[in-house]
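**Q** Going by numbering that gives the first Met the number 0, 13 is the number at position 14 of the sequence shown; the sequence numbering is gapless.
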Amino acid sequence: MSYTKAASVTDVPEEQCVAVMLDNSEILLAKIDGSYYAVSNKCPHLGGRLSDGILDAGVITCPKHHAKFDLKTGANMGEAKLAFLKIGVKDLKTYPVKVEGDDIWVDLG
Numbered sequence: 000m001s002y003t004k005a006a007s008v009t010d011v012p013e014e015q016c017v018a019v020m021l022d023n024s025e026i027l028l029a030k031i032d033g034s035y036y037a038v039s040n041k042c043p044h045l046g047g048r049l050s051d052g053i054l055d056a057g058v059i060t061c062p063k064h065h066a067k068f069d070l071k072t073g074a075n076m077g078e079a080k081l082a083f084l085k086i087g088v089k090d091l092k093t094y095p096v097k098v099e100g101d102d103i104w105v106d107l108g
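(1) With 16 other CB atoms within 10 Å as the buried threshold, where does residue 75 fall?
(2) On the three-state DSSP scale, how would you describe residue 72?
(3) Which two residues bound the contiguous beta strand (DSSP E) that contains residue 106?
(4) Got a sec, what are the start and stop residues for the beta strand (DSSP E) residue 54 sits in?
(5) Let me make sure I understand the geometry here. Which of 89, 25 and 100 has the alpha-carbon closest to that of residue 50?
(6) Please list, in chain order, all residues of the same chain as residue 52 whose beta carbon is under 6 angstroms from its beta carbon, the five residues on each side excluded.
(7) So, helix, strand or coil for residue 88, using DSSP?
(8) Which of the three DSSP states, helix, strand or coil, is assigned to residue 27?
(9) On the criterion of 16 or more Cβ atoms from any shown chain inside 10 Å, does residue 105 qualify as buried, or is it exposed?
(10) May I ask you to report which of helix, strand or coil DSSP gives residue 110?
(11) Indicate the three-state DSSP secondary structure (helix, strand or coil) for residue 1 in the structure shown.
Below is the structure:
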């Protein structure tokens with residue numbers, strides 16, 4: 000595994016998320032129940048920036064079509080809501096995270 004420093008623990012408050020660029024990939028970092036998680040910041044359905052969505056109880060809602068994703072697992076929590084399209088369920092790409100001292104590290108694999 001090859002980890003890249005993503006942020007400081009002070010950059011990501013509890014129950015909040017922050018977008019960071021790592022090696023040309025936009026990653027969404029979140030702190031939920033005291034643990035840090037990293038997922039793609041791009042919705043797998045229409046490419047919406049999830050950092051512009053709403054985070055509630057560890058679930059992020061896409062600002063474009065209201066799909067919901069569990070940030071701990073990347074799992075899609077139901078169908079996307081677009082009247083003119085039937086979009087299949089897709090999960091978010093997740094990344095391993097470790098904390099060393101005050102630094103958050105992400106493995107982009």
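Beta carbons: idealized from backbone N, C-alpha and C, even for Gly.
Every value quoted in this text rests on a predicted model; they were computed, and no experiment measured them.
**A** To lay it out plainly:
(1) The residue in question, residue 75, is buried, as its Cβ has 16 or more Cβ neighbours within 10 Å.
(2) Residue 72: coil per DSSP, three-state reduction.
(3) 102 to 106 is the span of the beta strand (DSSP E), which, as asked, contains residue 106.
(4) Its beta strand (DSSP E) spans residues 53 to 55.
(5) With distances taken between Cα atoms, residue 50 lies closest to 25.
(6) 59, 60, 61 and 62, listed in sequence order.
(7) Here residue 88 sits in coil by DSSP.
(8) Strand.
(9) Classified as buried, residue 105 has 16 or more neighbouring CB atoms from the shown chains inside 10 Å of its CB.
(10) Any question about residue 110 goes unanswered here, given that the chain covers just 0 to 108.
(11) Coil.
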